[in-house]
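Read left to right, the sequence shown gives residues 333 to 464 (the working numbering). We put the CB at the ideal spot given by N, CA and C, even for glycine.
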Amino acid sequence: MVIYGVALLSACMLAGAFVGDLLGLAIGVEANVGGVGIAMLLLVVGTDALIRRGRFKPVTRQGVTFWSSVYIPIVVAMAATQNAVAALEGGLAAILAGSLAVAACVTLVPAISRMGSAPPPPDGEGEGEEAR
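Take a look at the structure:
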């Protein structure tokens with residue numbers, strides 16, 4: 333049912349917001365640090381696990397698809413509520429959080445792209461007529 337997809341998305345958002353608040357407390361910032369990003373990672377991992385187990389039905393997928401189509405406006409609205417001036421005045425904590433996020437993305441993109449690609453063919457296979 334569509335409502336299960338929306339429930340999955342909601343659970344991921346709540347968990348992401350909770351973890352983002354904990355991260356904020358851990359680094360001494362009174363704000364949610366990366367909660368939306370964590371929620372999206374949880375959603376990707378959760379839906380992938382459900383698809384692999386055959387429990388993510390097409391009708392359930394419609395609930396996630398609906399909200400993913402309005403995701404960007406929601407994120408823009410959430411970002412507009414954050415105080416960017418206070419973040420810049422936060423100094424080292426804000427710079428460190430941003431730098432670590434960028435470094436993690438740069439480091440993880442090659443690993444994630446390798447996970448989604450097909451394995452290379454064994455030696456001697458997959459070559460054209462020239463190899464014969």
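(request) Please state whether DSSP places residue 423 in a helix, a strand or coil. (result) coil
(request) Quick one: grab the DSSP three-state call for residue 359. (result) coil
(request) Look up residue 454 in the DSSP assignment and say whether it is helix, strand or coil. (result) coil
(request) Grab the span of the alpha helix (DSSP H) containing residue 402 for me, first residue to last. (result) Per DSSP, residue 402 belongs to no alpha helix (DSSP H) and is neither H nor E.
(request) Using the Cα positions of residue 394 and residue 433, report the straight-line distance between them to the nearest angstrom. (result) 30 Å
(message) Quick check: residue 378 and residue 340, are their CB atoms within less than 8 Å of each other?
(response) yes
(request) Indicate whether residue 359 and residue 436 have their beta-carbon atoms separated by less than 8 Å. (result) no
(request) Determine the closest residue to residue 396 out of 349, 445, 455, 376, with distance taken between C-alpha atoms. (result) 376
(request) Taking only the alpha-carbon atoms, compute the straight-line gap between residue 445 and residue 401 and give it to the nearest angstrom. (result) 23 Å
(message) What does the Cβ neighbour count give for residue 345, buried or exposed, with the cut at 16 atoms within 10 Å?
(response) buried
(request) Kindly indicate which three-state DSSP category residue 350 falls into: helix, strand or coil? (result) helix
(message) Quick check: the Cα distance between residue 366 and residue 430, rounded to an integer number of angstroms?
(response) 10 Å
(request) Pull up the distance between the alpha-carbon of residue 383 and that of residue 336, whole angstroms please. (result) 14 Å
(request) Within its chain, find whatever has a CB closer than 6 Å to the CB of residue 363; leave out the 5 residues flanking it on each side and keep chain order. (result) 356
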